[in-house]
Amino acid sequence: MRNIWKYILILPGLAGLLLFMVIPLTGTIASTFWENGRFTVNGYLEYMQDPYFLNILWVTLRTSLITTLVCSILGFPTAYFISKTQPRVKMLLLLLSIFPLLTSPVVRSFSWMVILGESGLLNNLLTFLGIAGPLDLLYTQSAVTIGLIHLFLPLSIITLVGVMDNISEDVTQAAESLGARRSTIFWQILLPLSIPGLLTGSILVFVGSFTAYTTPALLGGRERVISTFLYQNAMTLNDWQLASIVATIMIVVSFTVIGLMNWAADKIAVKGGKLSG
Amino acid sequence: MKIRHLLASSTLFLLPLSACGSSDDGTSSSEEPTELVISTWGFAEDFFRKEVYAPFEEEHNVEIVLETGNNSERLNKIRQGNSSVDLIYLSDYYAQQGINDDLFAEINYDNIPNAEDIYDVAQAPLGEAYGPAYTISQLGIAYNPEETDVDITSWEDLWDPALEDSIAVPSITATAGPMLLDAASVVSGKDQFDEDEAFAQMQELNPNIVNEYSQTSAFVNMFTQGEIAAGPLMEMFVADLKEAVPEASFVSPEEGAYAVMNTVNITADSENKELAEEFINWHLSAEVQKASAAAKIDSPVNTTLDLSEEEAEGLTYGADTIENLRVLDIEMVNEQSEAWTDRWNRELTSN
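As they're listed, the protein sequences go chains A and B.
Using this note's numbering, you'd call the opening residue of the first sequence number 1 and step up by one each time.
Using this note's numbering, you'd call the opening residue of the second sequence number 1 and step up by one each time.
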């Protein structure tokens, strides 16, 4: 009896997923293979041979991979520091680090406009100190990357703190007492044990920045990323067929990158596990 | 005799009054108000509610319901079919798309007598059967004289090398995008629009362009932040610009500014067609046109208005001005828009 109830309880969630995710997604993807009642992959072939589209895809991929990498590098020490503090301080620090998530991406992008603009905070400082003339920062991919890092760093930190909390102090102390150097402790104990957090965080950051719309639209200027390109096709050109093809390509790319990340994480974890075991 | 005469005339006089009274009773107290759904941009909503909707609601026992959003969003909603919109306000470019997709009802101009009082160019700009333009603005150039030494008087001045990295241009998918493309063709020296020349000319503008904008608020922001010193802008937004940057200036370029027409149409599915026509008639009336002009909301198209210089400040006003505006062939623009967008993306915005 109990078992039956268990399954009945997941039914509403299942129905919701089926209705609002599986069916529409299948519909969207299926529609890209049909044209005039025939099966075709022409839409994809055209895109994949189009240097303009490939460039957009590459720019988006590059920006989101850089964002993911920087978020991991910046998030790791921050999360380690937070996880080692007293519970009360920890709460406060966690709250502070997720604070950016509580403001809308539009507001955040506007504040970056004020900072990165030609007569913005940063350029004024650089000119005042005589380091460099006004730099072209706003409306470039660098501005987008900066905005995305600001947006997604909290995700990296939170997921890493969760995992690092579970790494017992005893393990590192044991290593230390056996004469391991700090770098050895990092590479062979901390990093491998943090992999699950690093992986989850990276997936969240990557998918978030790969599909982000507001930040690139506001900070990116004339160069398009894949989501702004999709928006243009759907909303201003009313070409939903092309928009669906772009959406499907985005899904495939996301899954491929996630798969690659999983594979790499396995490699590192296995290596660490072997060495430490 | 006298008394009888008086009586007779008074009954004659009273008759229509009493008829009025009874019909008033019939509509305002016992009948539910009819719902009229208007799809519009949503700017200056306070003004429209008070000066335009409220008097109409009262007179015709109507309840006006608004749906707001930008042109493409609202048009797409109608396209998808399940909408109760009766009247839709759109720029001419999007209205033409609606006509091409058979989304609008044909209008009976017999019910819109005020249409005879408006500029010829505003009367059914997209064909006899479709809605009028209730306002005409112009696309010219806004610039900040304190940020640039270039004395801007023509479209060609935007190409001045002194404006390097200092202008913003409308994106090709914005209403003003195709107008700039046409201006580029004019600057290249062609009498007739020449697509290849226009794109080549636009490429030469690239070093001056900081960014594209698809919403005017983005232009105003860049202007206020000092990111840009100049760019094509519709005159109706100059007031916003001056609020932020008082020294901002607007010119109608020598080669001719472009007419920007906002139209109103009745949806094909509307069940209140006559009421909707009545509303269009009301919006074109001297009363509403005058109020919109006085509040600097919309430039008037009704030719019976006589505005003082002060009242006309900041508005696109006067037969001379209107007649000299360049008018794009909206049907051609719509046919080409996809091809132009593609070329624009590839040739102008990719690095």
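Beta carbons: idealized from backbone N, C-alpha and C, even for Gly.
Requested in this report: Using a Cβ-Cβ cut-off of 9 angstroms, state whether Arg346(B) counts as contacting chain A.
Outcome: In the second sequence, the residue the question calls residue 346(B) occupies position 346. For Arg346(B), a Cβ of chain A is located within less than 9 angstroms of the residue's own Cβ.
Query raised in the report: So what does DSSP say about Phe193(B), is it helix, strand or coil?
Result: As a working note, residue 193(B) is residue 193 in the second sequence. Reduced to three states, the DSSP call for Phe193(B) is coil.
Query raised in the report: Roughly how many whole angstroms lie between the Cα atoms of Leu178(A) and Asp266(A)?
Result: For the purposes of this step, residue 178(A) is taken as the residue at position 178 of the first sequence. For the purposes of this step, residue 266(A) is taken as the residue at position 266 of the first sequence. So the two alpha carbons sit approximately 27 angstroms from each other.
Requested in this report: Might you give, ordered along the chain, the residues of its own chain that have their beta carbon closer than 6 angstroms to the beta carbon of Trp155(B), omitting 5 neighbours on each side?
Outcome: Position 155 of the second sequence, counted from the start, is the residue given in the question as residue 155(B). Closer than 6 angstroms at Cβ, skipping near neighbours: Ala183, Val187, Pro253, Glu255.
Query raised in the report: Name the DSSP beta bridge partners of Pro170(B), please?
Result: On the second sequence, position 170 is the one that residue 170(B) refers to. In DSSP, Pro170(B) forms a bridge with Tyr213(B).
Report task. Give the C-beta separation of Thr267(B) and Gly131(B) to the nearest angstrom, bearing in mind that I take them to be a contact with Cβ-Cβ under 8 angstroms. Result -> What you label residue 267(B) is simply residue 267 of the second sequence in a count that begins at 1. What you label residue 131(B) is simply residue 131 of the second sequence in a count that begins at 1. The beta-carbon distance between Thr267(B) and Gly131(B), rounded to whole angstroms, is 11 angstroms. This is too long to meet the 8 angstroms contact definition.
Query raised in the report: From Asp151(B) to Ile228(B), what distance separates their C-alpha atoms?
Result: To locate residue 151(B), count along the second sequence from 1; it is residue 151. To locate residue 228(B), count along the second sequence from 1; it is residue 228. Computed Cα separation, rounded: 15 angstroms.
Query raised in the report: For Ala339(B), which beta-bridge partners are listed by DSSP?
Result: Counted from its first residue, the second sequence places residue 339(B) at position 339. Ala339(B) is not bridged to any residue.
Query - Where the alpha helix (DSSP H) through Asn233(A) begins and ends - result: The residue given as residue 233(A) occupies position 233 in the first sequence. Premise fails: Asn233(A) is in no alpha helix (DSSP H) and is neither H nor E.
Report task. Report yes or no: is there a C-beta of chain B within less than 9 angstroms of the C-beta of Arg222(A)? Result -> Translated into the one-based positions of the first sequence, residue 222(A) becomes position 222. Interface criterion met: the Cβ of Arg222(A) is under 9 angstroms from a Cβ in chain B.
Query raised in the report: I think Arg295(B) touches Glu311(B), with their Cβ atoms under 8 angstroms apart; what is that distance to the nearest whole Å?
Result: Here residue 295(B) refers to the residue found at position 295 when the second sequence is read from its first residue. Here residue 311(B) refers to the residue found at position 311 when the second sequence is read from its first residue. Note that residue 295(B) is Ala in the sequence shown here, rather than Arg. Actually they are not in contact, since the Cβ atoms of Ala295(B) and Glu311(B) sit about 11 angstroms apart, beyond 8 angstroms.
**Report entry** Close beta carbons around Phe13(B), own chain, < 7 angstroms, minus the five adjacent residues each side
**Finding:** Within the second sequence, numbered from 1, the residue matching residue 13(B) stands at position 13. Any reading at Phe13(B) needs caution, since the residue's pLDDT is 42, under 50, leaving its predicted position unreliable; the model's value is listed next. Answer for Phe13(B): no residue qualifies.
Query raised in the report: Can Val85(B) be considered in contact with the ligand NAD, in the sense that its beta carbon sits closer than 8 angstroms to one or more heavy atoms?
Result: Looking at this structure, you won't find the ligand NAD or any other ligand, since it has none at all.
Query raised in the report: Would a C-beta distance cut-off of 9 angstroms place Asn265(B) and Ile107(B) closer than the cut-off?
Result: Indexing the second sequence from 1 puts residue 265(B) at position 265. Indexing the second sequence from 1 puts residue 107(B) at position 107. Taking 9 angstroms as the cut-off, the Cβ atoms of Asn265(B) and Ile107(B) count as close.
Query raised in the report: Using a beta-carbon distance cut-off of less than 7 angstroms, what residues from the stretch 226-252 of chain B approach chain A?
Result: The residues in question are Gly226, Glu227.
Query - Cross-chain neighbours of Thr236(A) in chain B, by beta carbon under 7 angstroms - result: Working through the first sequence from its first residue, we reach residue 236(A) at position 236. Neighbours of Thr236(A) in chain B, taken as residues whose beta carbon is under 7 angstroms from its own, are Ser72, Thr173 in chain order.
Query raised in the report: What residues of chain C sit near Asn211(B), judged by a beta carbon separation below 8 angstroms?
Result: Any reference to chain C falls outside this structure, whose protein chains are A and B.
Query raised in the report: Near Gly221(A), what residues of its chain come up, given a Cβ to Cβ distance below 6 angstroms and the 5 sequence neighbours on each side ignored?
Result: Here the question's residue 221(A) lines up with position 221 in the first sequence. Same-chain partners within the cutoff: Tyr139.
**Report entry** Minimum C-alpha distance to Gln141(A) - residue among Ile268(A), Thr211(A), Thr215(A), Gly16(A)
**Finding:** Along the first sequence, read from residue 1 onward, the residue named residue 141(A) stands at position 141. When only C-alpha atoms are compared, the closest one is Thr215(A).
Query raised in the report: Can you tell me whether Trp263(A) is buried or exposed, with buried defined as 16 or more other CB within 10 angstroms of its CB?
Result: Taking the first residue of the first sequence as 1, we reach residue 263(A) at position 263. Its Cβ having fewer than 16 others within 10 Å, Trp263(A) is exposed.
Query raised in the report: What is the rounded straight-line gap between the Cα of Asp165(B) and the Cα of Gly259(A)?
Result: Walking along the second sequence from the start, residue 165(B) turns up at place 165. Walking along the first sequence from the start, residue 259(A) turns up at place 259. Here the C-alpha atom of Asp165(B) lies approximately 42 angstroms from the C-alpha atom of Gly259(A).
Requested in this report: Output the residue ranges of the alpha helix (DSSP H) runs that lie fully inside the stretch 277-317 of chain B and measure 4 residues or longer, sorted by chain position.
Outcome: The stretch 277-317 of chain B contains these whole alpha helix (DSSP H) runs: 286-294, 309-312.
**Report entry** Segment limits, alpha helix (DSSP H) that includes Gln97(B)
**Finding:** Taking the first residue of the second sequence as position 1, residue 97(B) is located at position 97. For Gln97(B), the enclosing alpha helix (DSSP H) starts and ends at 92-100.
**Report entry** When Leu125(A), Asn233(A), Ile251(A) are compared against Asp342(B), the one with the closest alpha-carbon
**Finding:** To locate residue 342(B), count along the second sequence from 1; it is residue 342. When Leu125(A), Asn233(A), Ile251(A) are compared, the shortest CA-CA separation from Asp342(B) is found for Asn233(A).
Query raised in the report: So is Ser104(B) buried or exposed if we call it buried at 16+ other beta carbons inside 10 Å?
Result: Residue numbering aside, residue 104(B) sits at position 104 when the second sequence is read from its first letter. In the sequence on display, residue 104(B) carries Phe and not Ser. Result: buried.
Query raised in the report: Anyone know if the C-beta pair for Met250(A) and Thr211(A) falls short of 9 angstroms?
Result: Mapped onto the first sequence, residue 250(A) falls at position 250. Mapped onto the first sequence, residue 211(A) falls at position 211. Yes, they are a contact pair.
Report task. Could you round the C-beta distance between Phe152(A) and Thr67(A) to whole angstroms and report it? I think they count as a contact, below 8 angstroms. Result -> On the first sequence, position 152 is the one that residue 152(A) refers to. On the first sequence, position 67 is the one that residue 67(A) refers to. Between Phe152(A) and Thr67(A) the beta-carbon gap is near 6 angstroms, inside 8 angstroms, which marks them as a contact.
Query raised in the report: Within this structure, are the beta carbons of Tyr94(B) and Ile38(B) separated by less than 9 angstroms?
Result: Position 94 of the second sequence, counted from the first residue, corresponds to residue 94(B). Position 38 of the second sequence, counted from the first residue, corresponds to residue 38(B). At the C-beta level, Tyr94(B) and Ile38(B) stay beyond 9 angstroms of one another.
Query - Any alpha helix (DSSP H) of 4 or more consecutive residues that is wholly inside the stretch 89-167 of chain B - result: Unbroken alpha helix (DSSP H) stretches of 4 residues or longer found wholly inside the stretch 89-167 of chain B: 92-100, given in chain order.
Query raised in the report: Counting Cβ pairs closer than 8 angstroms, one from the stretch 234-254 of chain B and one from the stretch 50-59 of chain B, do we hit at least three?
Result: They do not touch, by the three-pair rule.
Query raised in the report: Can you list, in chain order, the residues of its chain whose CB lies under 7 angstroms from that of Val354(B), leaving out five sequence neighbours each side?
Result: This structure cannot settle anything about residue 354(B), because the visible part of chain B is limited to 1 through 351.
Query - Pick from Leu348(B), Ile280(B), Ala230(B), Phe56(B) that is closest to Asp352(B), judged by C-alpha positions - result: Outside the displayed span of chain B (1 to 351) sits residue 352(B), for which this structure offers no information.
Query raised in the report: Do you know how far the Cα of Arg62(A) is from the Cα of Ala180(A)?
Result: To locate residue 180(A), count along the first sequence from 1; it is residue 180. To locate residue 62(A), count along the first sequence from 1; it is residue 62. So the two alpha carbons sit approximately 37 angstroms from each other.
Report task. Could you say if the stretch 160-168 of chain A and the stretch 194-203 of chain A meet the contact criterion of at least three C-beta pairs nearer than 8 angstroms? Result -> Here the stretch 160-168 of chain A lies against the stretch 194-203 of chain A, with 3 or more beta-carbon pairs under 8 angstroms apart.
Query raised in the report: Does Asn108(B) come within less than 9 angstroms of chain A when only Cβ atoms are used?
Result: Sequence index remark: in the second sequence, residue 108(B) carries index 108 (1-based). Closer than 9 angstroms: no.
Query raised in the report: Closer than 9 angstroms, CB to CB, is Glu169(A) near chain B or not?
Result: Residue mapping note: residue 169(A) aligns to position 169 of the first sequence, counting from 1. It does not; no Cβ of chain B falls within 9 angstroms.
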